[in-house]
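Let me begin by presenting the structure, written as structure tokens, before commenting on it.
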Amino acid sequence: MGEEHRQTQILDPNPDRIKHVTELFFRYVQDKVSLAELQGIKRSELIRLADAGHVKFRHGRVDEAEKIFQGLLLLDHRNPYFHAMMGAIHQKRERPVEAIMEYSQTLQLTPRDPAALVNRGEIYLRHKNYRKAAEDFRAAILLDLEGSNLWSNRARSLVIAIKRSIEADRKRATRQ
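In this note's numbering, the protein residues as written are 201 to 376.
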């Protein structure tokens with residue numbers, strides 16, 4: 201009966217249904233509603249999938265995790281966690297440009313995410329873009345002046361790594 205009722209709504213909708221669907225679609229076009237919301241997929245289902253993807257990532261099953269998070273991003277491209285996980289997957293696969301793009305998208309959605317700042321900063325550091333790395337680490341440190349956040353503390357350690365790397369580069373330059 202449920203499927204029959206659904207088909208009836210699609211084929212012969214009443215004016216209230218037409219109004220609801222039109223408004224929902226308009227909100228989707230304006231990027232105020234995700235595809236998951238448009239399709240009626242529950243947030244709890246997305247979270248369950250994200251948890252499974254995270255477990256696969258943690259256990260080294262990166263291919264499977266990547267497929268899960270690609271699908272999740274198609275369903276809800278406005279979820280910062282999905283972008284952060286795709287950033288981690290790209291970082292693990294040594295795709296720095298894609299990782300930076302995903303972490304940047306995470307930070308657009310949640311500007312105060314120390315993990316995204318530190319991970320993006322690490323990529324900049326590995327590619328000797330010290331200025332951008334320092335900016336990200338500074339922002340992460342300023343989010344936690346007490347020193348209680350692990351990501352902010354990692355940023356503090358990486359600032360020391362930047363200083364050492366710059367000094368090593370200068371020493372190499374003077375030898376040549």
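No residue lacks a Cβ here, since even glycine has one placed at the ideal position from N, Cα and C. All values derive from a computational prediction rather than experimental measurement.
task = Measuring alpha carbon to alpha carbon, tell me which of L275, R293, F269 ends up nearest A284.
result = F269
Limits of the alpha helix (DSSP H) - the one that I268 falls within = Per DSSP, I268 belongs to the alpha helix (DSSP H) from 262-275.
key: Closest residue to Y228 among L274, H254, E302, A250 (Cα-Cα distance)   = Of the listed residues, the one whose Cα sits closest to Y228 is L274.
query = According to the Cβ coordinates, are E264 and K256 closer than 8 Å?
reply = Cβ distance < 8 Å, so E264 and K256 count as in contact.
query = Where does R278 fall in DSSP's three states?
reply = coil
query = Taking the continuous alpha helix (DSSP H) assigned at R356, which residues delimit it?
reply = 350-375
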